[in-house]
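In the working numbering, the protein residues as written are 27 to 213.
Before any comments, here is the structure.
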């Protein structure tokens, strides 16, 4: 949760959500805000929500695959409504996903408890200001370099799975743009 709180707050338009979010709220929020979903406690394997939420997360991996629903108007006329769910997602779960398609779309990091340490229990009062400053610097970098960066598939040639290559391409392209040493550390 702390990892999500820190990393999520430097992301573009963070959308903080937890396991209590409903399926409809999830796809409607993603469509409306078009930011980064920061999803904590995605341990919904044994719930009725699991299938629908996993479908939304799978659809959101690639642009052009919206969630489509039927809307019934006051006159009982049905219309099709599409919700765009494409965009970055940071998902925390205590175990791997049982859905192979979703698992293959994730860049996974296993975080272990760090035990006793000197880290504060609560984030400092300066946290919000510091993350806003950093987020603004990252956005400025994006604006300044938007037309200079284009996908470089050579940065993922050492990865073996096509979907992993697809998921990693943006990260490795940007790492190479910043510097070859950064690319070497990212792979």
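All C-beta atoms in this analysis are idealised placements derived from N, C-alpha and C, irrespective of residue type, glycine included.
* **Start and end residues, beta strand (DSSP E) containing residue 105** => Here the beta strand (DSSP E) through residue 105 covers 104 to 109.
* Asked: Taking the alpha-carbon positions, what's the residue 114 to residue 148 distance?
  -> Straight-line Cα distance between these residues: approximately 27 angstroms.
* Check residue 62 in the structure and name its three-state DSSP category. => Here residue 62 sits in strand by DSSP.
* **Where the beta strand (DSSP E) through residue 115 begins and ends** => Counting along the chain, the beta strand (DSSP E) containing residue 115 begins and ends at 115 to 117.
* Asked: Exposed or buried, which one is residue 63 when buried takes at least 16 other CB atoms within 10 Å?
  -> Buried, since its Cβ has 16 or more Cβ neighbours within 10 Å.
* Which residue's Cα is closest to the Cα of residue 203: 51, 184, 180? -> Of the candidates 51, 184, 180, the one whose C-alpha sits nearest the C-alpha of residue 203 is 180.
* When the distance is taken between beta carbons, is residue 39 closer than 9 angstroms to residue 60? -> Yes, these two residues count as a Cβ contact at 9 angstroms.
* To do: Look up residue 96 in the DSSP assignment and say whether it is helix, strand or coil.
  => DSSP places residue 96 in strand when its eight states are reduced to three.
* Asked: Between residue 106 and the rest of its own chain, which residues show a CB-CB distance below 7 angstroms, the 5 nearest in sequence each way excluded?
  -> Within the same chain, residue 106 has close Cβ partners 94, 96.
* To do: Check the C-beta distance from residue 164 over to residue 182 and give it rounded, since I have them as a contact under 8 angstroms.
  => Between residue 182 and residue 164 the Cβ distance is about 22 angstroms, and since that is not below 8 angstroms, they are no contact.
* Asked: Closest by CA to residue 58, which one among 176, 111, 47?
  -> Distances from the alpha-carbon of residue 58 to those of 176, 111, 47 put 111 closest.
* To do: Would you kindly report the start and end of the unbroken alpha helix (DSSP H) that includes residue 188?
  => 188 to 204 is the extent of the alpha helix (DSSP H) around residue 188.
* Three-state secondary structure (DSSP) of residue 41 -> When secondary structure is reduced to three states using DSSP, residue 41 falls in the strand class.
* Could you tell me how far apart the beta carbons of residue 160 and residue 41 are, in whole angstroms, since I believe they sit closer than 8 angstroms? => Not really, about 18 angstroms apart at Cβ, beyond 8 angstroms.
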